[in-house]
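Working notes, beginning with the structure itself.
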Amino acid sequence: MWGDAGHGEQWQTVLTDNVTATQTRIPAETHGISINDLSDNARFVLERLHEAGFEAYAVGGCVRDLLRGRSPKDFDVVTDARPEEVKRLFKRARIIGRRFKIVHVVFRDELIEVTTFRGGDAAEVKRADGGMITRDNVFGSIDEDVWRRDFACNALYLDFASGELVDYVEGLTDIHSGRLRVIGEPEARYREDPVRMLRAARFAAKLGFHLTPDSEQAIAHCRETLADISPARLFDETVKLLQGGAGRQTVLELKRLGLLEYLFDSLATWIEPNDPASDWVLIEPVLEATDERVAKDLPVNPAFLFAGLFWRMLGRHRVQWMHQRVPMEDALVLAADEVLAVAARRLMIPRRLAEIIRAIWALQPDLERHAPAANAPGKGKDADTLTEEQRALTEAPWFRAAVDFLCLRSRTNEVDESVCTFWRRHAPERGSRDEAPIEALQPSDFGKKRRRRRPRRRKPGGKPQSANS
Numbered sequence: 000m001w002g003d004a005g006h007g008e009q010w011q012t013v014l015t016d017n018v019t020a021t022q023t024r025i026p027a028e029t030h031g032i033s034i035n036d037l038s039d040n041a042r043f044v045l046e047r048l049h050e051a052g053f054e055a056y057a058v059g060g061c062v063r064d065l066l067r068g069r070s071p072k073d074f075d076v077v078t079d080a081r082p083e084e085v086k087r088l089f090k091r092a093r094i095i096g097r098r099f100k101i102v103h104v105v106f107r108d109e110l111i112e113v114t115t116f117r118g119g120d121a122a123e124v125k126r127a128d129g130g131m132i133t134r135d136n137v138f139g140s141i142d143e144d145v146w147r148r149d150f151a152c153n154a155l156y157l158d159f160a161s162g163e164l165v166d167y168v169e170g171l172t173d174i175h176s177g178r179l180r181v182i183g184e185p186e187a188r189y190r191e192d193p194v195r196m197l198r199a200a201r202f203a204a205k206l207g208f209h210l211t212p213d214s215e216q217a218i219a220h221c222r223e224t225l226a227d228i229s230p231a232r233l234f235d236e237t238v239k240l241l242q243g244g245a246g247r248q249t250v251l252e253l254k255r256l257g258l259l260e261y262l263f264d265s266l267a268t269w270i271e272p273n274d275p276a277s278d279w280v281l282i283e284p285v286l287e288a289t290d291e292r293v294a295k296d297l298p299v300n301p302a303f304l305f306a307g308l309f310w311r312m313l314g315r316h317r318v319q320w321m322h323q324r325v326p327m328e329d330a331l332v333l334a335a336d337e338v339l340a341v342a343a344r345r346l347m348i349p350r351r352l353a354e355i356i357r358a359i360w361a362l363q364p365d366l367e368r369h370a371p372a373a374n375a376p377g378k379g380k381d382a383d384t385l386t387e388e389q390r391a392l393t394e395a396p397w398f399r400a401a402v403d404f405l406c407l408r409s410r411t412n413e414v415d416e417s418v419c420t421f422w423r424r425h426a427p428e429r430g431s432r433d434e435a436p437i438e439a440l441q442p443s444d445f446g447k448k449r450r451r452r453r454p455r456r457r458k459p460g461g462k463p464q465s466a467n468s
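If you want it as structure tokens, here you go:
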């Protein structure tokens, strides 16, 4: 023990490879947060682990947010209990993950993620040639676990038994100073898991923190390693980036750091915030609308996000097909095929989500075509006199999401505002299935194959050049 440094007891501990840090235990009356600040379910999980004789800590973002005076949305727990031991303690618990096994303890309105302390035995960690960790079921102690965490501000542990805050890497100082700092040597840590670079952009945008110079400079040397991440994992991470409550700022941060092209290779060059002809003209309001819904704790459908991200690209592809005299409706279907195929080079968009994106896109020309002119007399202007075509559109799947998207387009003057106003009057109330988050859909929805009539590709003239640029 090194003695009291003014805010808690300190111990020297070796993290890994002769890197030394100091374990500081800060008493509750000093750090200012309490176990009672956690959700009831998080406290229940911690208490059950403690009563079973295990160490139990709240860790990560929930501790960071409480220290910043924010209300956490998620609560993570870490323990010395092995996954199988954790699972036995709770009726509704399941072990997930291959790279590193974790336990999800499921409650009616919340999911608590429980992880076992990760160890530092490099010999047992499976790595790819470039240094990326591919399997990591190596368990250890809290002294080792801290080294496996990504940023110092996320490496604070709230001890259930004592209420003390355990800090090895001056994470509390980083929170107070708004600093985002990789634990350890940044380039090595990014190569271990390239997704950490995406998390760096997300935290910098969401928290308003600044990356330390070494943490930022290493990204330029490592960003190409994102190409080694599976499209399925990149899709999951992209949804977190865009639906984290600071999607607009996150996209700008990704672009600034040179990371955006590794998620949207064909789109990155079309996002220029200061160019009125850029795709950003529509992407920005889509992201802002999403951020507003997250701030109000309303559900977000990622299909709406992706429909907005790729809408302008869809238009470029559709124009190329129409130049070959493909009918407009068929051109839209073919363009959608191409755009989603381009997106799939980086992101594995689930089949069911892709179908919703297609539905939102396909309804746009119909909604424009069948809306009455602002000064048009007669039928089709109110609910009692809707035309047959108009009524059919109101019953189409994902009609509400399509109308919301149409109205966003009206904000950029793509569509007359009167068209938005008309369809808004006939859209269902909020809270319908159209607005449910994709997680709320049945898992089987993603695997269902749907037969869909496809337009024939025209042989004369061949396929147009790709509209990736």
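According to numbering that gives the first Met the number 0, the residues represented by the sequence shown are 0 to 468, in order. Glycine included, each C-beta is placed from N, C-alpha and C at the ideal position.
Whole-angstrom distance between residue j and residue i, CA atom to CA atom
| i | j | result |
| --- | --- | --- |
| D290 | R195 | 22 Å |
| R178 | L210 | 6 Å |
| D213 | Q363 | 47 Å |
| K447 | R350 | The pLDDT assigned to K447 is 37, lower than 50, so where the model puts this residue is not dependable; a value taken from the coordinates is nonetheless given after this. Answer to the nearest angstrom: the Cα atoms are 8 Å apart. |
| R239 | R201 | Note on residue identity: the sequence assigns Lys, not Arg, to residue 239. Their backbone Cα atoms lie some 8 Å apart in a straight line. |
| F74 | S38 | 8 Å |
| S409 | P371 | 15 Å |
| Q22 | V85 | 26 Å |
| L88 | A51 | 8 Å |
| L339 | A219 | 28 Å |
| I141 | V293 | 33 Å |
| A80 | V105 | 18 Å |
| A267 | R423 | 32 Å |
| E502 | E328 | The first residue shown for the chain is 0 and the last is 468, placing residue 502 beyond what the model contains. |
| G207 | I174 | 11 Å |
| R47 | R255 | 45 Å |
| L333 | R190 | 38 Å |
| F303 | K72 | 22 Å |
| V137 | V102 | 15 Å |
| A121 | E354 | Residue placement at A121 is poorly supported in this model, since its pLDDT is 46, which falls under 50; the coordinates are not used for a value here. |
| R63 | V181 | 15 Å |
| R107 | A41 | 13 Å |
| N153 | E387 | 57 Å |
| H316 | E413 | 17 Å |
Beta-bridge pairing of residue i - partner residues as DSSP gives them
| i | result |
| --- | --- |
| A55 | T78 |
| F150 | V181 |
| I94 | V102 |
| F138 | R117 |
| D166 | T23, L155 |
| H209 | R178 |
Supposed close pair residue i, residue j - CB separation, criterion 8 Å
| i | j | result |
| --- | --- | --- |
| D149 | R198 | 6 Å |
| Y156 | V58 | 5 Å |
| A55 | L45 | 4 Å |
| E271 | W279 | 6 Å |
Span of the beta strand (DSSP E), counted from its first residue to its last, around residue i
| i | result |
| --- | --- |
| Y189 | Not the beta strand (DSSP E): Y189 falls in the alpha helix (DSSP H), residues 185-191. |
| E112 | 110-115 |
| L157 | 155-158 |
Unbroken alpha helix (DSSP H) run spanning residue i, endpoints
| i | result |
| --- | --- |
| L251 | 246-255 |
| V280 | 279-294 |
| I356 | 350-368 |
| K239 | 230-241 |
| E271 | Run containing E271: none; DSSP gives neither H nor E here. |
| P301 | 301-308 |
| E413 | Per DSSP, E413 belongs to no alpha helix (DSSP H) and is neither H nor E. |
| R47 | 39-50 |
Residues near residue i by beta carbon distance below 7 Å, same chain, minus five either side
| i | result |
| --- | --- |
| T237 | L262, L346 |
| S33 | A27, G162 |
| A306 | I356, I359, W360, F404 |
| Q67 | A small fix is needed here, since residue 67 is Arg in this sequence, not Gln. Answer for R67: I174, listed in chain order. |
Cβ shell of residue i (< 6 Å), same chain only, five flanking positions each side left out
| i | result |
| --- | --- |
| A426 | R399, V402 |
| R470 | Absent from the structure is residue 470, since the part of the chain shown begins at 0 and ends at 468. |
| R147 | R117 |
Close beta carbons around residue i, own chain, < 8 Å, minus the five adjacent residues each side
| i | result |
| --- | --- |
| H49 | A55, F159, A160 |
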